[in-house]
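Read the structure below first, then the notes.
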Amino acid sequence: MRSEIARTPDSETPTCRRDSSLFFYFQPSTFDFFAKGTLMNPKSTIICPSTTSDSAPSHCQHRTPSGRRCRMPVSDPASGLCFKHAADQKKDRDAANLASKLIGDTEEFTSAVTINHSLGELYKLLARDEISPRRAAVMAYTGSLLLRTLPAIDRELHPPDAEQEIIMDLPRPKRDWPEDAERAFYQRMSSQPVPTDPEKKS
Numbered sequence: 217m218r219s220e221i222a223r224t225p226d227s228e229t230p231t232c233r234r235d236s237s238l239f240f241y242f243q244p245s246t247f248d249f250f251a252k253g254t255l256m257n258p259k260s261t262i263i264c265p266s267t268t269s270d271s272a273p274s275h276c277q278h279r280t281p282s283g284r285r286c287r288m289p290v291s292d293p294a295s296g297l298c299f300k301h302a303a304d305q306k307k308d309r310d311a312a313n314l315a316s317k318l319i320g321d322t323e324e325f326t327s328a329v330t331i332n333h334s335l336g337e338l339y340k341l342l343a344r345d346e347i348s349p350r351r352a353a354v355m356a357y358t359g360s361l362l363l364r365t366l367p368a369i370d371r372e373l374h375p376p377d378a379e380q381e382i383i384m385d386l387p388r389p390k391r392d393w394p395e396d397a398e399r400a401f402y403q404r405m406s407s408q409p410v411p412t413d414p415e416k417k418s
């Protein structure tokens, strides 16, 4: 198998002629495709990802207390966290929102008004499906326990007045007072001897 180069006049550009299936006919544009890093098909292109400094991070930005960084891919571009740490962050935010709604500015639940307000807010959250029924049940039970302690707190803060002690100390009658006629009569009658029956004597 041989390839022959056709001789042409000086006015014409020499070209290569394919004489066998083992040799290929290359045009100048073919080398340009390889030099530019494209495929043999001029319609297909290769797009390389840009690696600029302002590109979004590909790994989670969460770091442990020891300083180690999470290796999971980013699922939330807004926070730069993976699925697990983004869910933990959302849970913490929801818990903070619930605390602000249920507690507000209240520091101590020592009155029925504050406890009633908290239970009312808990009912609203449960109606809006913003809190799980199980958690709402636990918090409602805690509120009922707080209500039961209010009477004991009131007795401790405002103790009732001490009961007055009644002393039974009546004055004795004075014996040197002049006796009235009726008392003197009964006293004389009681001091006289009882008469005996003469029939019993005999």
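Just add 216 to wherever you are in the sequence shown, counting from 1, and you've got the working numbering. Beta carbons: idealized from backbone N, C-alpha and C, even for Gly. These numbers come from a predicted model, not from an experiment.
Proximity winner among the options, relative to residue i (alpha-carbon distances)
i       : options                            : result
Asp-370 : Leu-341, Phe-325, Asp-345          : Phe-325
Thr-280 : Ala-294, Asp-292, His-301, Pro-293 : His-301
Ala-294 : Lys-306, Pro-409, Tyr-402, Arg-388 : Lys-306
Cutoff 7 angstroms; reference residue i; Cβ partners in own chain excluding five residues on either side
i       : result
Asn-332 : none
Ile-383 : none
Asp-292 : Ala-302
Pro-387 : none
Gln-408 : none
Spatial neighbours of residue i in its chain, beta-carbon cut-off 8 angstroms, leaving aside the 5 residues before and after
i       : result
Leu-338 : Leu-318, Ile-347, Ala-352, Met-355, Ala-356, Gly-359
Leu-314 : Leu-341, Glu-346, Ile-347
Tyr-402 : none
Arg-285 : His-275, Cys-276, Gln-277, His-278, Arg-279
Span separating the alpha-carbon of residue i from that of residue j
i       : j       : result
Glu-398 : Met-405 : 11 angstroms
Thr-365 : Asp-345 : 30 angstroms
Pro-376 : Ser-327 : 19 angstroms
Ala-400 : Glu-381 : 39 angstroms
Val-329 : Leu-363 : 10 angstroms
Ser-269 : Leu-361 : Caution applies to Ser-269, whose pLDDT of 42 falls short of 50 and renders its modelled position unreliable; the model cannot decide the point.
Arg-350 : Gly-320 : 22 angstroms
Arg-287 : Cys-298 : 9 angstroms
Gly-336 : Glu-372 : 27 angstroms
Pro-367 : Gly-283 : 51 angstroms
is_contact[residue i, chain C] using C-beta, thresh 9 angstroms
i       : result
Cys-286 : You won't find chain C in this structure, because it holds only one protein chain.
Neighbourhood of residue i by C-beta, 6 angstroms cutoff - its chain only, sequence neighbours within 5 removed
i       : result
Thr-322 : Thr-330
Ser-334 : Leu-318
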